[in-house]
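Notes follow once the structure below has been shown.
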Amino acid sequence: MKYDKPALTYVEQLARLKQRGMQVGDEPRALHYLAHLNYYRLAAYWLPFEEDHDSHRFRQGTCFETILDHYLFDRELRLLLLDAIERVEVSVRGHFAYQIGSRHGAHSLLQSHLFKDSGRWCYRNGLAGLLRDVQSNREIFIKHFRDQYEEPLPPIWAVVEIMSFGQLSKWIDHLAHREDRNAISRVYGLDERLLISFLHHLSVVRNHCAHHARLWNRELAVKFVLPRDPKELGESLVSLPGESRQRRLYNTLTMLAYLLDCISRHHHFRQRLAELMERYAIDVGWMGFPEDWQSRPLWSH
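Heads up: the sequence shown begins at 3 in this note's numbering, then just goes up one per residue.
Have a look at this one:
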């Protein structure tokens, strides 16, 4: 079928929304946001409010202001998540460098026997990528190493600072020896399999945030293995088999709260999240929150 829908002016876009049953209290404000946010981008936020996806009719009482609140909530949620994920990423980088560097030396990343290949990653390609990054990187500490030393890679504690989160999770995942992986994961009270699974998941969530993608009600494609221990963490997660809420954001937020407790004693992640949800009065069920979430151990602090 050929696509033959015409481009619409902002006024025509707003008229179409009203024709489909959306209430608009402040038309100049609505036109402003249509101009600066893009009709198609906002469509992802009003889709749950349609009573019929074929005709695109909205449920009675649907307001443009409500849609905008969901968009603004999602934007602030992404910023909150980026802040939390940064803390986790920096911490894990440091412990990867410390544990592997102290066990196997400054240039442990050049020791192929310390790593294993898999169907989605191989040591040779991973190392080649790092070597390219080092050659093209303009950070002062990397340039200093290139100018002063003959080794192809800086020491591990320097290299980790130019790794992407995705690269970092892959290098940890492909450590050949379980005791090396556990040396890192024990810092957070987790088994290595659980931490590695969550890091992969978190790198995908971070990419959604960095590319300004909708997150609020997204079903996340990459799940992670749910820990049973520590007990307060296991009891705070949603673990019913087959439930789509396991692919929603609640478990991600719960794991982040747990890891931030390990990393930063005085973080305000819970408080900031609660204030954000209260300010926009969002139905947190869309994010996979169970009805009793506030009484679960990690959220009742």
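Note that CB positions come from ideal geometry on N, CA and C, so glycine has one too.
Bridge-paired residues (DSSP) for residue i
i: residue 65; result: 25
i: residue 60; result: 52
i: residue 177; result: 117
Residue i versus residue j - alpha carbon distance
i: residue 212; j: residue 86; result: 13 angstroms
i: residue 65; j: residue 273; result: 28 angstroms
i: residue 218; j: residue 161; result: 34 angstroms
i: residue 206; j: residue 222; result: 9 angstroms
i: residue 142; j: residue 105; result: 27 angstroms
i: residue 100; j: residue 180; result: 16 angstroms
i: residue 233; j: residue 289; result: 23 angstroms
i: residue 112; j: residue 198; result: 21 angstroms
i: residue 238; j: residue 9; result: 47 angstroms
i: residue 57; j: residue 49; result: 12 angstroms
i: residue 280; j: residue 268; result: 22 angstroms
i: residue 159; j: residue 92; result: 12 angstroms
i: residue 3; j: residue 137; result: 48 angstroms
i: residue 25; j: residue 45; result: 15 angstroms
i: residue 175; j: residue 122; result: 11 angstroms
i: residue 196; j: residue 230; result: 10 angstroms
i: residue 148; j: residue 154; result: 8 angstroms
i: residue 43; j: residue 293; result: 30 angstroms
i: residue 47; j: residue 67; result: 11 angstroms
i: residue 203; j: residue 283; result: 27 angstroms
i: residue 62; j: residue 296; result: 31 angstroms
i: residue 275; j: residue 266; result: 16 angstroms
i: residue 116; j: residue 124; result: 12 angstroms
i: residue 19; j: residue 37; result: 14 angstroms
Buried versus exposed call for residue i [16 or more other C-beta atoms within 10 Å across all chains shown]
i: residue 226; result: buried
i: residue 76; result: buried
i: residue 254; result: buried
i: residue 15; result: buried
i: residue 248; result: buried
i: residue 241; result: exposed
i: residue 183; result: buried
i: residue 187; result: buried
i: residue 73; result: buried
i: residue 302; result: exposed
i: residue 90; result: buried
i: residue 134; result: exposed
i: residue 35; result: buried
Three Cβ pairs or more, each shorter than 8 angstroms: is that satisfied between the segment 162-179 and the segment 125-139? yes
Is there contact between the segment 187-194 and the segment 257-265, where contact requires at least three CB pairs shorter than 8 angstroms? yes
Taking the runs of the alpha helix (DSSP H) that are 4 residues or longer, which of them lie wholly in the segment 192-258? 194-212 and 233-236
Go through the segment 95-156 residue by residue and report every complete run of the beta strand (DSSP E) that reaches 3 residues or more, in order. none
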